[in-house]
């Protein structure tokens, strides 16, 4: 193509020198919320001794935020697999045009815990769909395609070890994570606008998840894992390793609703970012 | 429940008097982009002679924007079915707690056209999935559930008639709309980060869609139609009619990429809003 417009990022190969702007990127950190990832990027900027007045590099697209600090790109991905899949396609193309060679992708999320206390960090060992299979399913030209969704076990171990060094004895577990395509019905919540199952059916499903080693539910893990794997290993765009670290906001075996006081909520929302900051420090990713 | 926190809207039954704040709502207008729906809400405020400095009523949730002008609520829903499904669950609960009786839901979208020129308004007659069936599929407790996704034919006709009164002879068609769970591979684009089909396979799929009366592809229509239908008809939360009006940004039979100059892009993005404004005027929805 003469020009490639990364439409949702608002970045075009005609007007942006990708190699110059993004050639040094080694880490891509993504989160659902634009506010949360902005706060994370500002924390990185402060750590690097830079201004925290960071420009949104994806402002022209009108859909995502994108910040760069040192060798780190930070972006929001919205909620759900379709939204993160758009970000990933365009992020992979950005890194490809920038001639990046090896890149670590980390999703920093919030999630509903299964059998763990609110405020627990879950480092994902396996990304499952809501039938507890490790696939990202999409339909291409009308036909279902199931893509394997592996994550990097070494990076998960590294994050787990680093989490032991966080202050205040933050609880941390390694566990399986389920990707749902909805917050209410697909996550077996009874408190949506409608619900067509009983409390005992809900508990049977969640207990089954728990017995299989599931520690949390969120809405992007299979897509994130599968598309990173495909970009790195099969499409060989560049070498990719990927990890997911989420904090739990509720123990779903006890409640459907998130009931945290604002102070606790503000504190625990930052935990994935604090862990990833420790990783970035270790790898000198913030030096400019 | 003693308290119901609409988590992503950041509105709780403990701190918000839903009946007082939202009891007069008759129209809910939603769009993917926060910027676009804000511009729409500001246009409504101007029309109603109100300040355009509208507060985001969902600011505490940190995920969506929500504005109220007269009898109209306007919100963004992000990209994809999982994201809009969250907004709809919480919007239905909001309207239920507000004791609203009959409510018209309209999605104002952007889309990729099939066989129509960029800048065409498409009023959806039927919402299809990427296998061209009119269902919203979700997986509840691990089992697939297929929900019918009908839209209101009278409201579609009313919008179509009103569209004839828009200035500059805006092209408008009634047609079927396909909901994809991704922007690239599921919409048969060749220009994603990776692609596992050929140009001729792509064209065969798009031509099949065209021959079945499909006018455009977007990413929310089946979920929007099915959940509105379920809320209104089956769950009987309140009486709901729903419609979708999207503008096309590209003719997918000619290009995968959106190639519009900024001026044209800015103009045609506003067309769904201008049409819905005409509807709201007709129904006196903006008087305070």
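Chains as they are written, first to last, in UniProt numbering: chain A, 1 to 288; chain B, 1 to 288. Where is the CB? At the ideal position from N, CA and C, for every residue including glycine.
Exercise. Comparing the C-beta of residue 137 of chain B with each C-beta of chain A, is any distance below 7 Å?
Worked result: If you number the second chain from 1, residue 137 of chain B lands on position 137. So no, residue 137 of chain B is outside the interface.
For this session: Note down the Cα distance separating residue 164 of chain A from residue 156 of chain A, rounded to an integer number of angstroms.
Result: Numbered from its first residue, the first chain carries residue 164 of chain A at position 164. Numbered from its first residue, the first chain carries residue 156 of chain A at position 156. So the alpha carbons of these two residues sit roughly 13 Å apart.
Exercise. In the structure shown, what three-state DSSP assignment does residue 167 of chain B receive?
Worked result: Here residue 167 of chain B refers to the residue found at position 167 of the second chain. DSSP places residue 167 of chain B in helix when its eight states are reduced to three.
Exercise. Are the Cβ atoms of residue 180 of chain A and residue 186 of chain A separated by less than 7 Å?
Worked result: Within the first chain, numbered from 1, the residue matching residue 180 of chain A stands at position 180. Within the first chain, numbered from 1, the residue matching residue 186 of chain A stands at position 186. For residue 180 of chain A and residue 186 of chain A, yes; Cβs fall inside 7 Å.
Exercise. Are residue 59 of chain B and residue 151 of chain B touching if we call contact CB-CB under 7 Å?
Worked result: In the second chain, residue 59 of chain B corresponds to position 59, counting from 1. In the second chain, residue 151 of chain B corresponds to position 151, counting from 1. No, the Cβ-Cβ distance between residue 59 of chain B and residue 151 of chain B is not below 7 Å.
For this session: Please confirm if the segment 103-118 of chain B is in contact with the segment 264-276 of chain B, defined as three or more CB-CB distances below 8 Å between the two stretches.
Result: Three or more beta-carbon pairs separated by less than 8 Å link the segment 103-118 of chain B to the segment 264-276 of chain B, which places the two stretches in contact.
Exercise. Going straight from the alpha carbon of residue 17 of chain B to that of residue 141 of chain B, what length do you get?
Worked result: Counted from its first residue, the second chain places residue 17 of chain B at position 17. Counted from its first residue, the second chain places residue 141 of chain B at position 141. Linking residue 17 of chain B to residue 141 of chain B through their CA atoms gives a straight-line distance of about 34 Å.
Exercise. For the candidate residues A/143, A/132, A/207, whose alpha-carbon lies nearest to that of residue 139 of chain B?
Worked result: Residue numbering aside, residue 139 of chain B sits at position 139 when the second chain is read from its first letter. Distances from the CA of residue 139 of chain B to each of A/143, A/132, A/207 were compared; the closest alpha carbon is that of A/132.
Exercise. With 16 other CB atoms within 10 Å as the buried threshold, where does residue 115 of chain B fall?
Worked result: For the purposes of this step, residue 115 of chain B is taken as residue 115 along the second chain, with counting starting at 1. If you draw a 10 Å sphere on the C-beta of residue 115 of chain B, you find 16 or more other C-beta atoms in it, and that means buried.
For this session: Would you mind telling me which residues of chain A sit closer than 7 Å to residue 82 of chain B, beta carbon to beta carbon, in chain order?
Result: Here residue 82 of chain B corresponds to residue number 82 of the second chain, with the count starting at 1. What residue 82 of chain B touches in chain A: 79, 80, 81, 82, 181, 182, 219.
Problem set entry | Interface residues of chain B facing residue 191 of chain A [CB-CB closer than 8 Å] | Working through the first chain from its first residue, we reach residue 191 of chain A at position 191. Think of a sphere of 8 Å around the beta carbon of residue 191 of chain A: the chain B residues whose beta carbon falls inside it are 1, 4, in chain order.
Exercise. Of all Cβ atoms in chain A, is any one closer than 7 Å to the Cβ of residue 86 of chain B?
Worked result: Residue numbering aside, residue 86 of chain B sits at position 86 when the second chain is read from its first letter. Against chain A, the CB of residue 86 of chain B has a partner CB under 7 Å away; the residue lies at that interface.
Exercise. How many Å lie between residue 253 of chain A and residue 143 of chain B at the Cα?
Worked result: Reading the first chain from its first residue, position 253 is the one you call residue 253 of chain A. Reading the second chain from its first residue, position 143 is the one you call residue 143 of chain B. One C-alpha to the other measures close to 20 Å.
For this session: Assign residue 73 of chain B to one of three DSSP states: helix, strand, or coil.
Result: As a position in the second chain, residue 73 of chain B is number 73, starting the count at 1. Correct three-state label for residue 73 of chain B: strand.
For this session: From the DSSP output, in three-state form, read off residue 143 of chain B for me.
Result: Counting from 1 along the second chain, the entry for residue 143 of chain B is found at position 143. In the structure shown, residue 143 of chain B adopts extended strand secondary structure according to DSSP, grouped into three states.
Problem set entry | Three or more C-beta pairs below 8 Å linking the segment 165-178 of chain B and the segment 209-221 of chain B | In short, these stretches touch, since the Cβ pair count reaches three.
Problem set entry | Element boundaries [alpha helix (DSSP H), containing residue 267 of chain B] | In the second chain, the residue the question calls residue 267 of chain B occupies position 267. Counting along the chain, the alpha helix (DSSP H) containing residue 267 of chain B begins and ends at 262-269.
For this session: Starting from residue 56 of chain A, trace the beta strand (DSSP E) both ways and give me its first and last residue.
Result: On the first chain, position 56 is the one that residue 56 of chain A refers to. Run containing residue 56 of chain A: none; DSSP gives neither H nor E here.
Exercise. Closest Cβ-Cβ distance between residue 114 of chain B and chain A: below 7 Å?
Worked result: On the second chain, residue 114 of chain B is found 114 positions in, with the first residue counted as 1. So, not an interface residue.
Exercise. In terms of residues, what are the limits of the alpha helix (DSSP H) holding residue 222 of chain A?
Worked result: In the first chain, residue 222 of chain A corresponds to position 222, counting from 1. Residues 221-229.
Exercise. Does residue 40 of chain A have its Cβ less than 7 Å from a Cβ in chain B?
Worked result: Taking the first residue of the first chain as 1, we reach residue 40 of chain A at position 40. Closer than 7 Å: no.
Problem set entry | Continuous alpha helix (DSSP H) stretch holding residue 87 of chain B: start and end | Translated into positions along the second chain, residue 87 of chain B becomes position 87. Annotation for residue 87 of chain B: the continuous alpha helix (DSSP H) segment containing it runs 81-97.
Exercise. What does a CB cutoff of less than 8 Å around residue 246 of chain A pick up in its chain, not counting 5 residues either side in sequence?
Worked result: Within the first chain, numbered from 1, the residue matching residue 246 of chain A stands at position 246. Cβ within range, chain order: 107, 108, 109, 110, 111, 121, 122, 124, 177, 216, 218, 272.
For this session: Give a yes or no on whether 7 Å exceeds the smallest Cβ distance from residue 197 of chain B to chain A.
Result: Mapped onto the second chain, residue 197 of chain B falls at position 197. For residue 197 of chain B, at least one C-beta of chain A is nearer than 7 Å to its own C-beta.
Exercise. Out of A/171, A/3, A/201, A/210, which has the shortest C-alpha to C-alpha gap to residue 268 of chain A?
Worked result: Taking the first chain and counting its residues from 1, the one referred to as residue 268 of chain A is at position 268. Nearest C-alpha to residue 268 of chain A: A/171.
Problem set entry | Unbroken alpha helix (DSSP H) run spanning residue 7 of chain A, endpoints | Here residue 7 of chain A refers to the residue found at position 7 when the first chain is read from its first residue. DSSP places residue 7 of chain A in no alpha helix (DSSP H); its state is neither H nor E.
For this session: Determine, using beta carbons only, whether residue 141 of chain A comes closer than 7 Å to chain B.
Result: Sequence index remark: in the first chain, residue 141 of chain A carries index 141 (1-based). Residue 141 of chain A counts as touching chain B.
For this session: Give the single residue among B/229, B/287, B/258, B/128 whose Cα lies nearest to the Cα of residue 209 of chain B.
Result: Residue numbering aside, residue 209 of chain B sits at position 209 when the second chain is read from its first letter. The residue with the shortest Cα to Cα distance from residue 209 of chain B is B/128.
Exercise. Does the beta-carbon of residue 82 of chain B have 16 or more other beta-carbons within 10 angstroms, so that it is buried, or is it exposed?
Worked result: Taking the second chain and counting its residues from 1, the one referred to as residue 82 of chain B is at position 82. Counting Cβ neighbours within 10 Å, residue 82 of chain B comes out buried, since at least 16 surround it.
For this session: For residue 35 of chain A, go through chain B and note every residue whose CB falls closer than 7 Å to its CB, in chain order.
Result: Start at 1 with the first residue of the first chain, and residue 35 of chain A comes out as number 35. Within chain B, 62 have C-beta atoms less than 7 Å from the C-beta of residue 35 of chain A, given in sequence order.
Problem set entry | Secondary structure of residue 25 of chain A, DSSP reduced to three states | Sequence index remark: in the first chain, residue 25 of chain A carries index 25 (1-based). In this structure, DSSP gives residue 25 of chain A a state outside helix and strand, which the three-state scheme calls coil.
For this session: Between the Cα of residue 149 of chain A and those of A/212, A/206, A/229, A/184, spot the shortest distance and give me the residue it belongs to.
Result: Locating residue 149 of chain A in the first chain gives position 149, counting from the first residue. Checked all of A/212, A/206, A/229, A/184; the closest Cα to residue 149 of chain A is A/229.
For this session: Identify which residue in A/162, A/232, A/284, A/80 has its Cα closest to the Cα of residue 183 of chain A.
Result: Residue 183 of chain A sits at position 183 when you count from the first residue of the first chain. The shortest Cα separation from residue 183 of chain A among A/162, A/232, A/284, A/80 belongs to A/80.
Exercise. Taking just the CA atoms, how far does residue 46 of chain A sit from residue 92 of chain B?
Worked result: Looking up residue 92 of chain B in the second chain gives position 92. Looking up residue 46 of chain A in the first chain gives position 46. About 42 Å.
Problem set entry | Below-7 Å beta-carbon distance, residue 75 of chain B vs any chain A residue | Locating residue 75 of chain B in the second chain gives position 75, where the first residue counts as 1. No, its Cβ sits nowhere closer than 7 Å to a Cβ of chain A.
Problem set entry | Alpha-carbon spacing of residue 57 of chain A relative to residue 117 of chain A, whole angstroms | Translated into positions along the first chain, residue 57 of chain A becomes position 57. Translated into positions along the first chain, residue 117 of chain A becomes position 117. For residue 57 of chain A and residue 117 of chain A, the distance between alpha carbons rounds to 37 Å.
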